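Those sequence lines, one after another, are chains H and E. Residue 143 in the UniProt record's numbering sits at position 143 of the first sequence, and the numbers go up by one each step. Residue 97 in the UniProt record's numbering sits at position 97 of the second sequence, and the numbers go up by one each step.
Protein chains: 2
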Amino acid sequence: MTDSVKSRREQILDTASTLFSERGYHATSMRDLAGELGMQGGSLYAHISGKEELLIEIVNRASRQFDTALFSLRDVPLPPGEKLREAMRRHVQVVADNMESATVFFHEWKHLSPSAYARVTGWRDSIDAFYRELITQGIDAGAFRRDLDPKMTAYLVLSAVNWAYTWYRPGGLLGPGDVADTFADMLLRGLEVSA
Amino acid sequence: MTDSVKSRREQILDTASTLFSERGYHATSMRDLAGELGMQGGSLYAHISGKEELLIEIVNRASRQFDTALFSLRDVPLPPGEKLREAMRRHVQVVADNMESATVFFHEWKHLSPSAYARVTGWRDSIDAFYRELITQGIDAGAFRRDLDPKMTAYLVLSAVNWAYTWYRPGGLLGPGDVADTFADMLLRGLEVSA
DNA sequence: CCTACCGATCGGTAGG
DNA sequence: CCTACCGATCGGTAGG
Chain H
1 MTDSVKSRRE QILDTASTLF SERGYHATSM RDLAGELGMQ GGSLYAHISG
51 KEELLIEIVN RASRQFDTAL FSLRDVPLPP GEKLREAMRR HVQVVADNME
101 SATVFFHEWK HLSPSAYARV TGWRDSIDAF YRELITQGID AGAFRRDLDP
151 KMTAYLVLSA VNWAYTWYRP GGLLGPGDVA DTFADMLLRG LEVSA
Chain E
1 MTDSVKSRRE QILDTASTLF SERGYHATSM RDLAGELGMQ GGSLYAHISG
51 KEELLIEIVN RASRQFDTAL FSLRDVPLPP GEKLREAMRR HVQVVADNME
101 SATVFFHEWK HLSPSAYARV TGWRDSIDAF YRELITQGID AGAFRRDLDP
151 KMTAYLVLSA VNWAYTWYRP GGLLGPGDVA DTFADMLLRG LEVSA
């Protein structure tokens, strides 16, 4: 991306994200995609090798965004509660900034061929591990309840930040940071009035 | 279902749930479906009117299960925390008992034709409303924090119980009730050690 | 980037 | 429930 103008390939990927997220991978034809870009179906193959390459690229970029946002947080010294909050802020930010790719990511990765499929499940495990680690550190530090199950706690946090792809609409009253903060407040302090 | 044996139509719907959840609606051909049932593609049309009828029926049945489980709880007199817990138990139970239909429901409803599509969005709103109502009652009763936003709180609860379709595996250590209880404990009491 | 085309496969139907 | 078939559309390629 040395150009200020997006390359044709980038345009194809952007449009593919939009169409795949709206209609699904299999329900989007290469002719649909080409038409949206003002070209003929066959012309796409001057820029890409095939349909699956588009899906792989979209999914890879999305997972790389999560990686960059989250893993750099590992060595940041913050109290556990603040660290979890910051992770959630970054996580929701990635979802919000990439609503379409995120939707494709969550819905269409099952349609990848075995090797790309395996990479995604491996990636998913690494994200689970990141959050479990964060929870365990918080328990060990005495900040989080000792009776928490790190695995289930990680699932709960991931539910909150991932599910946002189904309802969040950019440009609304709440920005991604507000959403993450609201969720973090509720999760950390609980819904019930303290006894 | 006066028969103890499932009708051919029921078998078709069951198999369609499995295939649609594994491969997606559009990536499942009617010949795939027929083959799984030991028949020819054209033979399906003696039992159903078309492919979309299958999707509509799967989605309708799933939403009816949620309705039955949740709305009957409206008039049950329980403390707000226990009522939310019970709603989550029932919600996760429906997801766990119908992992395949639930997956189809969450992933494929976008592919419905306009009228069926509108019914699903309407249904989704009614589930949102159910949880918001429950939260609001809890706030008014003084059981939940006054600073909660019922809308965001409902999203958080729904995230937890819905996202289970991506990771829950029946037959594991935790039953659906355990999952819901663990989530409810964390949500109600919070992750942090009380100050 | 287009035209023209490939074989394969799609959902669905007719007639039995 | 099967055989045989319909028109439409699919992802992708050849040659320019």
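Just so it is clear, CB atoms sit at the ideal spot from N, CA and C, and this is done for glycine as well. What you are looking at is a predicted structure, and each value in this text was computed from that prediction instead of being measured.
Rounded separation between residue i and residue j - CA only
i                 : j                 : result
Thr2 of chain E   : Phe71 of chain E  : In this prediction, Thr2 of chain E scores a pLDDT of 46, lower than 50, which makes its location untrustworthy; no coordinate-derived value is stated.
Leu174 of chain H : Gly190 of chain H : 21 Å
Ile56 of chain H  : Leu112 of chain H : 7 Å
Val120 of chain E : Asp67 of chain E  : 12 Å
Ser43 of chain E  : Ala34 of chain E  : 8 Å
Asp178 of chain E : Ile135 of chain H : 20 Å
Ser194 of chain H : Ser21 of chain H  : 42 Å
Arg132 of chain E : Ala118 of chain E : 21 Å
Val94 of chain H  : Leu187 of chain E : 24 Å
Met30 of chain H  : Ser126 of chain H : 33 Å
Glu36 of chain E  : Glu192 of chain H : 50 Å
Asp128 of chain H : Asp149 of chain E : 28 Å
Gln40 of chain E  : Asp185 of chain E : 51 Å
Lys83 of chain E  : Asp75 of chain E  : 10 Å
Gly172 of chain E : Asp97 of chain E  : 13 Å
Lys51 of chain H  : Thr103 of chain E : 24 Å
Pro176 of chain H : Gly38 of chain E  : 50 Å
Val157 of chain H : Val5 of chain E   : 43 Å
Tyr45 of chain E  : Trp167 of chain E : 35 Å
Thr15 of chain H  : Arg64 of chain E  : 36 Å
Asp32 of chain H  : Asp147 of chain H : 52 Å
Gln11 of chain H  : Asn60 of chain E  : 38 Å
Within 8 Å, strictly: CB atoms of residue i and residue j
i                 : j                 : result
Arg85 of chain E  : Leu73 of chain E  : no
Ala141 of chain H : Pro77 of chain H  : no
His47 of chain H  : Arg23 of chain H  : no
Phe130 of chain H : Gly138 of chain H : no
Val92 of chain E  : Ala180 of chain E : yes
Trp123 of chain H : Trp163 of chain E : no
Ala69 of chain H  : Phe105 of chain H : no
Ala160 of chain H : Ser159 of chain E : yes
Residue i at chain H interface by Cβ criterion, 8 Å
i                      : result
Leu33 of chain E       : no
His111 of chain E      : yes
Val94 of chain E       : no
Val193 of chain E      : yes
residue 198 of chain E : Nothing about residue 198 of chain E can be reported from this structure: the residues present for chain E run from 1 to 195 only.
Tyr165 of chain E      : no
Gly190 of chain E      : yes
Ala27 of chain E       : yes
Gly24 of chain E       : yes
Met152 of chain E      : yes
Gly81 of chain E       : yes
Tyr155 of chain E      : yes
Thr18 of chain E       : no
Asp149 of chain E      : yes
Thr182 of chain E      : yes
Residue-level contact to chain E via CB, residue i, 8 Å cutoff
i                 : result
Asp3 of chain H   : Because the pLDDT of Asp3 of chain H is 47, which lies under 50, any placement of that residue in the model is unreliable, and the number read from its coordinates should be weighed accordingly. Not one chain E Cβ lies under 8 Å of Asp3 of chain H.
Ser159 of chain H : yes
Gly50 of chain H  : no
Asn98 of chain H  : no
Arg60 of chain H  : One point to set straight first is that residue 60 of chain H is Asn, not Arg, in the sequence displayed. Answer no: the Cβ-Cβ gap between Asn60 of chain H and chain E never drops below 8 Å.
His107 of chain H : yes
Phe66 of chain H  : no
Met30 of chain H  : no
Met186 of chain H : yes
Integer-rounded CB distance, given that residue j should sit under 8 Å from residue i
i                 : j                 : result
Met152 of chain E : Thr182 of chain H : 5 Å
Pro170 of chain E : Met99 of chain E  : 7 Å
Ile58 of chain E  : Leu13 of chain E  : 7 Å
Tyr25 of chain H  : Glu108 of chain H : 4 Å
Ser17 of chain E  : Ser101 of chain E : 5 Å
DSSP beta-bridge partners of residue i
i                 : result
Phe144 of chain H : E:Glu192
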